[in-house]
Amino acid sequence: MNKTSLIICLLLLAYSPATGQGDDGEIWPGSSWERATPEQVGMDAGTLQKALDYALTGDGSGCVIRHGRLVMQWGNQKRRYDLKSSTKAIGVTAVGLAIKDGKIKSLQNPAKKYHPGLGVPPKSNAETGRLDKITLFHLATQTAGFDKNGGYAELLFEPGTKWCYSDGGPNWLAECVTLAYKQDLNTLMFERVFGPIGIGKKDLTWRPNAYRPKEINGIARREFGSGISANVNAMARIGYLYLRRGRWRDRQIIPASFVDMVRKVPEEVGGLPVVRRESYFNASNHYGLLWWNNADGTMAKVPRDTYWSWGLYDSLIVVIPNLDIVAARAGKSLNKARNSDYKAIEPFIEPIVLSLREKKQ
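The numbering of the sequence shown is our numbering, which starts it at 956 and goes up by one.
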């Protein structure tokens, strides 16, 4: 990117009348974000440029938000990208909503309480005697035992004894929430989450289930494993909802306690043996409820409270509570190995952190 392009990208001085300030002084986007230069929010433009340069090795689009203000953006902000596994982090928001509404009393409840047909097919899963032991918590933390594929995957181990990255487990979780509400999750989420935070149907789409029948009990069947396409503005708004611990202006969309669970490594998960360790390394030490995190300090220069969605082709919604930052990025792969090695995304996240002239502003 040349100097002129950088100036266009960073000089975002105009105040947008569509934004607003809450009673507590926080900035909230309306139809657009209030804009600021990096310097106005305590960030160094030159260091921030390193994050942009790395992001652009995979083309695509992105943005960085600090204190509720847009400080940098690149690419087409309206283009929708297939977010792949970032769908997990967005989808689990429906679990938080179900907890708020009392549809789910506890994540420790057996999943079969909500979904009697859980885990079958294949029939072999029923013969293991493990299905009754699987809880919603197991499904939300990749510890239920289901293999990788998003269809009808086999159980590989006793629930809670190992960590295995799966699309199948989160897809069973999506069905549990669907059956709890007896409603299409796409409709539910637009009514209760996406719409209220300013995400329209041109910003985000959620395709029908690609791996299982299109309906369950006559209701549209969605996935958490994959399936959402969205633009980076929608991604940033979801990140900002989480940054504000589930609150949007004066409305608590999902419980703050749920956000706190999402972003931390549960005690029962940390240190569990990882299936396919050659691809997922020590994932059980930095994974929450379908969000990745830096709790173990794998990224040494990044705050340990940082957490993010992460999908194939490196779609990222990055939330850094310690620094009041949200960043979103989508496009082509940054990680050519397509594994969970943090070294592939560290050159994007680290410069955003290091751009702060002081640790807190």
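A virtual CB, placed ideally from N, CA and C, is assigned to each residue, including glycine.
(1) Is the beta carbon of Val1273 sitting closer than 9 Å to the one on Ile1304?
(2) Just to confirm the assignment, what range does the beta strand (DSSP E) spanning Ile1154 have?
(3) Quick one: using the 10 Å Cβ neighbour count with 16 as the cut-off for buried, is Lys1043 buried or exposed?
(4) Can Ala1189 and Leu1128 be called in contact, C-beta distance under 9 Å?
(5) By how many angstroms is the C-alpha of Leu1025 removed from the C-alpha of Leu1227?
(6) How close, in whole Å, do the beta carbons of Ser1264 and Ser1041 come, if the pair is a contact with beta carbons under 8 Å?
(7) Nearest to Pro1221 by CA position, among Asp1037, Thr1096, Gln1063, is which residue?
(8) For Asp1205, name the three-state secondary structure that DSSP assigns.
(9) Starting from the C-beta of Ala973, find all residues in its chain whose C-beta is less than 7 Å away, skip the five residues before and the five after it, and write them out in chain order.
(10) Quick check: the Cα distance between Gln1028 and Gln995, rounded to an integer number of angstroms?
(11) Could you give the distance in angstroms between the alpha-carbon of Asp1037 and the alpha-carbon of Ile1300?
(12) Where Asp1296 and Tyr1136 are concerned, what is the direct C-alpha to C-alpha distance, given to the nearest angstrom?
(13) Apply the 10 Å Cβ neighbour rule to Thr1116 and answer buried if 16 or more other Cβ atoms are within range, or exposed otherwise.
(14) If we call anything under 9 Å between Cβ atoms a contact, is Met1216 one with Leu1062?
(15) Can you give me the Cβ contacts of Phe1112 inside the same chain, cut-off strictly under 6 Å, excluding the 5 residues immediately before and after it?
(16) At the level of alpha carbons, what is the spacing between Gly1194 and Arg1200?
(17) If Ile1154 and Ile1045 are in contact, beta carbons under 8 Å, what's the gap, nearest whole angstrom?
(18) My assumption, with CB atoms under 8 Å, is that Gly1084 sits in contact with Ala1108. Please give the rounded CB distance.
(19) If you draw a straight line from the alpha carbon of Ile1059 to that of Val1050, how long is it in whole angstroms?
Per the coordinate set shown:
(1) On the sequence shown, residue 1273 is found 318 positions in, with the first residue counted as 1. On the sequence shown, residue 1304 is found 349 positions in, with the first residue counted as 1. Going by C-beta atoms, Val1273 is nearer than 9 Å to Ile1304.
(2) To locate residue 1154, count along the sequence shown from 1; it is residue 199. Note, Ile1154: premise wrong, no beta strand (DSSP E); not H, not E.
(3) As a first step, residue 1043 must be located in the sequence shown, where it is residue number 88. By the C-beta density criterion, Lys1043 is buried, having at least 16 other C-beta atoms within 10 angstroms.
(4) Numbered from 1 along the sequence shown, position 234 holds the residue referred to as residue 1189. Numbered from 1 along the sequence shown, position 173 holds the residue referred to as residue 1128. Cβ atoms of Ala1189 and Leu1128: not closer than 9 Å.
(5) Position 272 of the sequence shown, counting from 1, holds the residue named residue 1227. Position 70 of the sequence shown, counting from 1, holds the residue named residue 1025. One C-alpha to the other measures close to 39 Å.
(6) Stepping through the sequence shown from its first residue, residue 1264 is reached at position 309. Stepping through the sequence shown from its first residue, residue 1041 is reached at position 86. About 4 Å separates the beta carbon of Ser1264 from that of Ser1041, a gap short enough to meet the 8 Å contact definition.
(7) On the sequence shown, residue 1221 is found 266 positions in, with the first residue counted as 1. Checked all of Asp1037, Thr1096, Gln1063; the closest Cα to Pro1221 is Thr1096.
(8) The residue labelled residue 1205 in the question sits at position 250 within the sequence shown. Per DSSP, reduced to three states, the secondary structure at Asp1205 is coil, with no helix or strand assignment.
(9) Stepping through the sequence shown from its first residue, residue 973 is reached at position 18. Here the model assigns Ala973 a pLDDT of 49, short of 50, so the residue's position is not dependable, and the following value carries that caveat. Cβ within range, chain order: Gly985, Ser986, Ser987.
(10) Translated into positions along the sequence shown, residue 1028 becomes position 73. Translated into positions along the sequence shown, residue 995 becomes position 40. Approximately 16 Å between the Cα atoms of the pair.
(11) For the purposes of this step, residue 1037 is taken as the residue at position 82 of the sequence shown. For the purposes of this step, residue 1300 is taken as the residue at position 345 of the sequence shown. Those two C-alpha atoms are separated by around 18 Å.
(12) Counting from one through the sequence shown, the residue named residue 1296 turns up at place 341. Counting from one through the sequence shown, the residue named residue 1136 turns up at place 181. So the two alpha carbons sit approximately 37 Å from each other.
(13) Position 161 of the sequence shown, counted from the start, is the residue given in the question as residue 1116. Exposed, by the Cβ-count rule.
(14) For the purposes of this step, residue 1216 is identified with residue 261 of the sequence shown, where counting begins at 1. For the purposes of this step, residue 1062 is identified with residue 107 of the sequence shown, where counting begins at 1. Yes, the Cβ-Cβ distance between Met1216 and Leu1062 is below 9 Å.
(15) Within the sequence shown, residue 1112 is the residue found at index 157, counting from 1. Hits under 6 Å: Gly1100.
(16) Residue mapping note: residue 1194 aligns to position 239 of the sequence shown, counting from 1. Residue mapping note: residue 1200 aligns to position 245 of the sequence shown, counting from 1. Taking the Cα positions, Gly1194 is about 10 Å away from Arg1200.
(17) Taking the sequence shown and counting its residues from 1, the one referred to as residue 1154 is at position 199. Taking the sequence shown and counting its residues from 1, the one referred to as residue 1045 is at position 90. Ile1045 and Ile1154 do not touch by the CB rule: their CB atoms are close to 10 Å apart, not below 8 Å.
(18) Counting from one through the sequence shown, the residue named residue 1084 turns up at place 129. Counting from one through the sequence shown, the residue named residue 1108 turns up at place 153. In this structure Gly1084 does not touch Ala1108 by the C-beta definition: roughly 17 Å separates them, more than the 8 Å allowed.
(19) As a working note, residue 1059 is residue 104 in the sequence shown. As a working note, residue 1050 is residue 95 in the sequence shown. Between Ile1059 and Val1050, the C-alpha separation is close to 8 Å.
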